[in-house]
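I have placed the structure first, in the form of structure tokens, so that the comments after it can refer back to it.
There are 2 protein chains.
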Amino acid sequence: MNHGAAAGAARSDRAGAGLLRRTDAGRRALEAALRGVRGANPLVGAVVLDAHGTVLATGHHGGAGTAHAEAAAIAELERRLDAGEIAPVPGNEPADWSIVVTLEPCNHTGRTGPCSHAIHRAGIGTVVFGAADTTAEAAGGAAWLAARGHTVHAGDAVAPDWAHSCRRLNHRWAAARADGRPFVTLHLAQTLDGRIAAEDGTSQWITGAEARRHSHGVRARADAIVVGTGTVLVDDPRLTARTDDGRATDRQPLRVVMGERDVPAAAAVRGPSEEYLHLRTRDPRRVLRVLADGAGGRTVDHVMVEGGASVATAFLAADLVDEVWLYQAPLLLGAGRGAVGDLGVSTLADGRRFDYDDAGDGAVLRLGGDVALHLVPTSK
Amino acid sequence: MNHGAAAGAARSDRAGAGLLRRTDAGRRALEAALRGVRGANPLVGAVVLDAHGTVLATGHHGGAGTAHAEAAAIAELERRLDAGEIAPVPGNEPADWSIVVTLEPCNHTGRTGPCSHAIHRAGIGTVVFGAADTTAEAAGGAAWLAARGHTVHAGDAVAPDWAHSCRRLNHRWAAARADGRPFVTLHLAQTLDGRIAAEDGTSQWITGAEARRHSHGVRARADAIVVGTGTVLVDDPRLTARTDDGRATDRQPLRVVMGERDVPAAAAVRGPSEEYLHLRTRDPRRVLRVLADGAGGRTVDHVMVEGGASVATAFLAADLVDEVWLYQAPLLLGAGRGAVGDLGVSTLADGRRFDYDDAGDGAVLRLGGDVALHLVPTSK
Chain V
0 MNHGAAAGAA RSDRAGAGLL RRTDAGRRAL EAALRGVRGA NPLVGAVVLD AHGTVLATGH
60 HGGAGTAHAE AAAIAELERR LDAGEIAPVP GNEPADWSIV VTLEPCNHTG RTGPCSHAIH
120 RAGIGTVVFG AADTTAEAAG GAAWLAARGH TVHAGDAVAP DWAHSCRRLN HRWAAARADG
180 RPFVTLHLAQ TLDGRIAAED GTSQWITGAE ARRHSHGVRA RADAIVVGTG TVLVDDPRLT
240 ARTDDGRATD RQPLRVVMGE RDVPAAAAVR GPSEEYLHLR TRDPRRVLRV LADGAGGRTV
300 DHVMVEGGAS VATAFLAADL VDEVWLYQAP LLLGAGRGAV GDLGVSTLAD GRRFDYDDAG
360 DGAVLRLGGD VALHLVPTSK
Chain X
0 MNHGAAAGAA RSDRAGAGLL RRTDAGRRAL EAALRGVRGA NPLVGAVVLD AHGTVLATGH
60 HGGAGTAHAE AAAIAELERR LDAGEIAPVP GNEPADWSIV VTLEPCNHTG RTGPCSHAIH
120 RAGIGTVVFG AADTTAEAAG GAAWLAARGH TVHAGDAVAP DWAHSCRRLN HRWAAARADG
180 RPFVTLHLAQ TLDGRIAAED GTSQWITGAE ARRHSHGVRA RADAIVVGTG TVLVDDPRLT
240 ARTDDGRATD RQPLRVVMGE RDVPAAAAVR GPSEEYLHLR TRDPRRVLRV LADGAGGRTV
300 DHVMVEGGAS VATAFLAADL VDEVWLYQAP LLLGAGRGAV GDLGVSTLAD GRRFDYDDAG
360 DGAVLRLGGD VALHLVPTSK
């Protein structure tokens with residue numbers, strides 16, 4: 000073992016810890032990350048600091064297909080350099096600057112280029128990251144940068160609490176990835192007493208136009224929408240993502256019906272387009288496996304489960320829900336179909352607990368006459 | 000008919016309408032009113048304006064036993080005059096000033112003095128009020144002031160929309176008064192799927208400490224707390240209003256148990272004090288009538304209904320709930336006892352609708368790990 004090198008690394012990590020303490024950049028990067036939306040990709044936030052700890056740029060990842068957080072922060076940095084808002088001087092130029100990012104910079108080319116290369120090109124001297132990237136395809140960014148002379152600090156070495164927060168930020172996303180399945184968003188639209196239909200079956204509309212618009216925004220981000228055969232038979236939904244004026248958005252999710260009953264030939268879900276799939280199973284694990292394997296003819300990294308109650312219950316009972324958007328109308332029915340059925344919970348302590356999720360629009364929203372709650376399962 | 004007097008009144012009312020339009024004082028008075036809390040008394044807000052329409056003071060009624068809105072605004076006005084922050088000059092002295100208040104100034108001495116007299120003593124020349132006071136004991140303030148030379152405008156004559164908003168602000172309170180019954184607050188504490196107990200009956204605690212603290216604050220304002228015999232038998236609650244450290248607050252509500260079953264001799268609700276009443280009925284109208292008639296040995300103008308489900312359902316079904324505080328824990332049970340039972344609603348259009356109530360702390364609150372919704376039945 001090279002004691003000199005170890006002592007140097009320890010000194011360097013103390014400097015990295017000091018940087019985070021002094022600048023509050025770790026918290027700022029987490030805040031930036033929360034501006035993103037959940038789905039196919041993790042939430043990531045990045046902050047670029049100069050030699051004095053002044054924030055030069057901030058970035059976050061806005062969802063699949065958009066710039067990564069580091070790329071967004073570097074684009075902002077370059078815009079400010081070009082505009083002359085920032086003027087590097089000896090002792091305070093890129094080599095003296097730092098980028099603090101909640102997740103290890105990726106090292107692979109997906110829909111966007113590798114962040115490790117972007118940081119290297121920008122010449123930012125120091126990189127501090129929170130959570131390590133554990134995915135097979137994107138890991139290795141830290142090592143790649145260190146090998147090219149950047150000073151790289153892992154959160155666990157310089158600020159373990161912050162690194163823990165960075166991991167918690169995407170704990171469900173990471174679990175889904177580790178499990179080889181898509182990230183799952185559950186959509187629930189119900190009354191105050193948790194009902195999705197009145198006794199006579201009427202259910203349109205429990206929530207109002209603003210809540211429906213919001214859920215169409217989530218739909219438009221998903222790669223696939225899943226409903227049960229019961230919902231198809233009762234509601235005959237189209238499952239397309241639509242704009243306010245009812246037109247289909249450019250990007251459309253795959254429409255998936257799960258369940259053993261037949262889907263009528265005239266069902267709207269079959270649609271004018273081919274992106275439709277009927278999976279004759281009630282097993283949510285099987286549905287996710289088939290979708291992950293590309294059975295729908297496209298990559299499915301993010302699934303939105305829209306119901307009905309049996310499907311929602313099956314996903315919840317199997318702990319396959321990573322995020323919930325619960326839309327709640329200020330209405331009591333006192334009878335009718337509940338949003339969620341038997342979860343195998345018989346005593347209060349075994350209830351399924353959630354944390355509020357501040358990502359995106361926030362955890363508790365008033366949408367016209369309704370309230371939306373954004374929830375993430377409490378980690379055990 | 001004296002045509003000259005009628006023309007003078009019309010001219011004067013045009014001036015009153017112009018005052019509201021110019022100053023936005025009507026909206027300000029409504030906003031001030033919403034800072035109050037619902038219960039025994041209506042929400043009222045008041046704004047004092049000088050001759051140029053500048054706001055000199057604002058006041059609201061903070062609940063039974065506290066100053067009325069006009070008295071609060073005048074106290075603020077006097078404080079500012081004493082401090083020299085306001086200096087009357089000829090043409091802009093009290094006789095040239097106006098007070099805009101959402102409800103007709105009261106003309107009776109309750110726990111506080113009549114507002115009509117306070118306005119007269121302050122010498123404020125013009126009074127604009129929104130809703131007329133229709134209660135037998137407090138009405139007549141406008142006439143009393145007009146007889147003493149004040150210019151008095153009724154909202155309906157100068158700003159009908161504003162007057163309508165002022166009436167809507169307290170529509171349930173006014174209906175309860177007209178009905179000769181106390182104002183009723185319903186307390187619900189439930190899971191996301193509308194359950195108040197798991198399948199095995201466990202229910203403590205669904206909501207957390209902050210939500211319970213908030214509901215103790217509501218309890219401390221109420222004159223009586225009503226629960227069913229079932230709740231007494233299952234939960235054995237004390238029904239006292241307590242501070243954060245568990246001590247009973249000075250003012251304690253009457254503890255009322257309704258239902259036909261016996262209350263055990265050792266039940267905590269019987270308490271160390273005498274303020275306990277068992278009404279052997281399941282009829283919420285009967286309970287309110289008995290309480291309004293003073294059977295509990297005290298004046299009961301505000302009742303808080305704490306459950307359980309049968310009692311909550313009975314009050315809701317009889318349209319005897321004027322305000323709901325719904326505390327909701329981020330938890331799904333999928334089975335167990337629902338907060339609300341059969342309301343006689345079989346189709347969606349007949350559901351019991353509510354509006355969000357921004358009075359007091361606001362309509363949608365995050366209380367620690369829980370969310371509280373403050374609701375008022377939608378007027379038909």
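Chains V and X supply the protein sequences, listed in that same order. Residues in the first sequence are numbered consecutively from 0, following numbering that gives the first Met the number 0. Residues in the second sequence are numbered consecutively from 0, following numbering that gives the first Met the number 0. Here a beta-carbon is modelled for each residue, glycine too, at the ideal position from N, C-alpha and C. Note that the structure is predicted; figures quoted are calculated from it, not measured.
**Report entry** Contact under 8 Å by Cβ, residue 54 of chain X with residue 102 of chain X
**Finding:** Looking up residue 54 of chain X in the second sequence gives position 55. Looking up residue 102 of chain X in the second sequence gives position 103. The answer is no: Cβ separation not under 8 Å.
Query raised in the report: For residue 190 of chain X versus residue 94 of chain X, is the C-beta distance shorter than 8 Å?
Result: By one-based count along the second sequence, residue 190 of chain X stands at place 191. By one-based count along the second sequence, residue 94 of chain X stands at place 95. Cβ atoms of residue 190 of chain X and residue 94 of chain X: not closer than 8 Å.
Query raised in the report: With distances taken from CA atoms, which of V:160, V:213, V:262, V:268 is nearest residue 242 of chain V?
Result: The residue given as residue 242 of chain V occupies position 243 in the first sequence. Here the closest residue by C-alpha is V:213.
Requested in this report: Grab me the residues of residue 221 of chain V's own chain with a C-beta within less than 6 Å of its C-beta, minus the 5 sequence neighbours each way, in chain order.
Outcome: Numbered from its first residue, the first sequence carries residue 221 of chain V at position 222. Result list for residue 221 of chain V: 252, 301, 303, in chain order.
Query raised in the report: Would you say residue 191 of chain V reaches chain X, if we count a Cβ-Cβ gap shorter than 8 Å as a contact?
Result: Along the first sequence, read from residue 1 onward, the residue named residue 191 of chain V stands at position 192. Interface annotation, residue 191 of chain V: in contact with chain X, CB-CB separation under 8 Å.
Report task. Could you pull out every residue in the same chain whose Cβ sits closer than 6 Å to the Cβ of residue 378 of chain X, ignoring the five residues on either side in sequence? Result -> Here residue 378 of chain X refers to the residue found at position 379 of the second sequence. Short of 6 Å from the beta carbon of residue 378 of chain X, and not among the five residues preceding or following it, lie these beta carbons of its own chain, in chain order: 170.
Query - Residues of its chain near residue 0 of chain X, where Cβ-Cβ distance is below 7 Å and the 5 sequence neighbours each way are ignored - result: As a working note, residue 0 of chain X is residue 1 in the second sequence. Its pLDDT being 42, under 50, residue 0 of chain X is placed unreliably in this model, and the value from its coordinates should be taken loosely. There are no such residues.
Requested in this report: Tell me, please, whether the region 148-164 of chain V touches the region 269-284 of chain V by the rule of three or more beta-carbon pairs shorter than 8 Å.
Outcome: No, the region 148-164 of chain V is not in contact with the region 269-284 of chain V.
Requested in this report: Check each residue of the region 335-354 of chain X: if its Cβ is closer than 9 Å to any Cβ of chain V, include it; give the result in chain order.
Outcome: Correct list: 335, 337, 338, 339, 340, 341, 342, 343, 344, 345, 346, 347, 348, 349, 350, 351, 352, 353, 354.
Query - Uninterrupted alpha helix (DSSP H) stretches inside the region 245-304 of chain V (no shorter than 4 residues) - result: Here the runs fully enclosed are 283-291.
Query raised in the report: Along chain X, in chain order, which residues have C-beta atoms closer than 7 Å to that of residue 363 of chain V?
Result: Working through the first sequence from its first residue, we reach residue 363 of chain V at position 364. What residue 363 of chain V touches in chain X: 363, 365, 370.
Query - Residues of the region 179-203 of chain V with Cβ closer than 9 Å to any Cβ of chain X, in chain order - result: Within the region 179-203 of chain V, the qualifying residues are 187, 189, 190, 191, 192, 193, 194, 196, 197, 198, 199, 200, 201, 202, 203.
Requested in this report: List the residues that DSSP assigns as beta-bridge partners of residue 331 of chain X.
Outcome: The count along the second sequence starts at 1 and reaches residue 331 of chain X at position 332. The partner list for residue 331 of chain X (beta bridge, DSSP) reads V:351.
Query raised in the report: Going by C-alpha distance, which of V:56, V:11, V:167, V:211 is nearest residue 75 of chain V?
Result: Within the first sequence, residue 75 of chain V is the residue found at index 76, counting from 1. Considering only alpha carbons, the answer is V:56.
Query raised in the report: Is any beta-carbon of chain X found at less than 8 Å from that of residue 236 of chain V?
Result: Stepping through the first sequence from its first residue, residue 236 of chain V is reached at position 237. Not closer than 8 Å to any Cβ of chain X, the Cβ of residue 236 of chain V fails to qualify, so no.
Report task. Would you mind sorting residue 88 of chain X into buried or exposed? The rule is 16 or more other CB atoms within 10 Å of its CB. Result -> Here residue 88 of chain X refers to the residue found at position 89 when the second sequence is read from its first residue. Exposed: under 16 other Cβ atoms inside 10 Å.
Query raised in the report: What number of angstroms, rounded off, separates the C-alpha of residue 18 of chain V from the C-alpha of residue 52 of chain V?
Result: Here the question's residue 18 of chain V lines up with position 19 in the first sequence. Here the question's residue 52 of chain V lines up with position 53 in the first sequence. For the pair residue 18 of chain V and residue 52 of chain V, the Cα-to-Cα distance works out to about 7 Å.
Query raised in the report: Do the region 303-317 of chain X and the region 360-367 of chain X meet, that is, are 3 or more Cβ pairs less than 8 Å apart?
Result: No: fewer than three Cβ pairs fall under 8 Å.
Requested in this report: Express the C-alpha separation of residue 309 of chain X and residue 109 of chain V in angstroms, rounding to a whole number.
Outcome: Residue numbering aside, residue 109 of chain V sits at position 110 when the first sequence is read from its first letter. Residue numbering aside, residue 309 of chain X sits at position 310 when the second sequence is read from its first letter. Answer to the nearest angstrom: the Cα atoms are 58 Å apart.
Query raised in the report: Which residues, in order along the region 299-330 of chain V, keep a beta-carbon less than 7 Å from a beta-carbon of chain X?
Result: Taking a C-beta cut-off of 7 Å against chain X, the contacting residues of the region 299-330 of chain V are 312, 315, 325, 329, 330, listed in chain order.
Requested in this report: Check the Cβ of residue 205 of chain V against every Cβ in chain X and list those closer than 8 Å, keeping chain order.
Outcome: Stepping through the first sequence from its first residue, residue 205 of chain V is reached at position 206. Those are 347, listed as they occur along chain X.
Query raised in the report: Does residue 374 of chain X get closer than 8 Å to chain V when you measure Cβ to Cβ?
Result: Within the second sequence, numbered from 1, the residue matching residue 374 of chain X stands at position 375. With 8 Å as the cut-off, residue 374 of chain X counts as an interface residue toward chain V.
Requested in this report: Could you confirm whether any beta carbon from chain X is found closer than 8 Å to the beta carbon of residue 211 of chain V?
Outcome: Position 212 of the first sequence holds residue 211 of chain V. Using a Cβ-Cβ cut-off of 8 Å, residue 211 of chain V does not count as an interface residue toward chain X, since no Cβ of chain X sits closer than that to its own.
Requested in this report: Pick out the complete beta strand (DSSP E) segments inside the region 71-153 of chain X, 3 residues or longer, and give them in chain order.
Outcome: Counting whole runs of 3 or more residues, the region 71-153 of chain X contains the beta strand (DSSP E) stretches 97-102, 125-130, 150-153.
Query raised in the report: Excluding the five sequence neighbours on either side, which residues of its own chain have a C-beta within less than 7 Å of the C-beta of residue 8 of chain V, listed in chain order?
Result: By 1-based counting over the first sequence, the position of residue 8 of chain V is 9. None.
Query - Identity of the residue in V:27, V:131, V:311, V:231 nearest residue 275 of chain V by Cα - result: The count along the first sequence starts at 1 and reaches residue 275 of chain V at position 276. Looking at the Cα atoms, V:231 is the closest of the given residues.
Query raised in the report: Fully enclosed by the region 173-242 of chain V, which beta strand (DSSP E) runs are 3 residues long or longer?
Result: For the region 173-242 of chain V, whole beta strand (DSSP E) runs of length 3 or above, ordered along the chain, are 182-190, 194-196, 223-227.
Report task. Work out the CA separation of residue 354 of chain V and residue 116 of chain V for me, nearest whole Å. Result -> As a working note, residue 116 of chain V is residue 117 in the first sequence. As a working note, residue 354 of chain V is residue 355 in the first sequence. A straight line joining the alpha-carbon of residue 116 of chain V with that of residue 354 of chain V spans about 36 Å.
Query raised in the report: CB residue 68 of chain X to CB residue 96 of chain X, shorter than 8 Å?
Result: As a working note, residue 68 of chain X is residue 69 in the second sequence. As a working note, residue 96 of chain X is residue 97 in the second sequence. No.
Query raised in the report: Can you give the Cα-Cα distance for residue 346 of chain X and residue 326 of chain V, rounded to whole angstroms?
Result: Looking up residue 346 of chain X in the second sequence gives position 347. Looking up residue 326 of chain V in the first sequence gives position 327. In this structure, the CA atom of residue 346 of chain X is about 20 Å from the CA atom of residue 326 of chain V.
Requested in this report: Please name the residue, chosen from X:319, X:156, X:38, that lies closest to residue 219 of chain X on a Cα-to-Cα basis.
Outcome: Stepping through the second sequence from its first residue, residue 219 of chain X is reached at position 220. It is X:38.
Query raised in the report: How is the alpha helix (DSSP H) around residue 159 of chain X delimited, first residue to last?
Result: Stepping through the second sequence from its first residue, residue 159 of chain X is reached at position 160. According to the DSSP assignment, residue 159 of chain X belongs to the alpha helix (DSSP H) that extends over 159-168.
**Report entry** Contact set between residue 333 of chain X and chain V, taken where Cβ atoms lie within less than 9 Å
**Finding:** Stepping through the second sequence from its first residue, residue 333 of chain X is reached at position 334. Under the 9 Å cutoff, chain V gives 312, 315, 316, 337, 339, 340, 341, 342, 343, 344, 350, 351.
Query - CB contact flag (residue 331 of chain X, residue 342 of chain V, <8 Å) - result: As a first step, residue 331 of chain X must be located in the second sequence, where it is residue number 332. As a first step, residue 342 of chain V must be located in the first sequence, where it is residue number 343. Taking 8 Å as the Cβ cut-off, residue 331 of chain X and residue 342 of chain V qualify as a contacting pair.
Report task. Note the first and the last residue of the continuous beta strand (DSSP E) segment covering residue 37 of chain V. Result -> Stepping through the first sequence from its first residue, residue 37 of chain V is reached at position 38. Following the DSSP letters along the chain, one finds residue 37 of chain V in no beta strand (DSSP E), marked with neither H nor E.
Query - Sequence-distant residues of the same chain with beta carbon closer than 7 Å to residue 12 of chain X, five excluded per side - result: Here residue 12 of chain X refers to the residue found at position 13 when the second sequence is read from its first residue. Answer for residue 12 of chain X: 152, 156, 157, listed in chain order.
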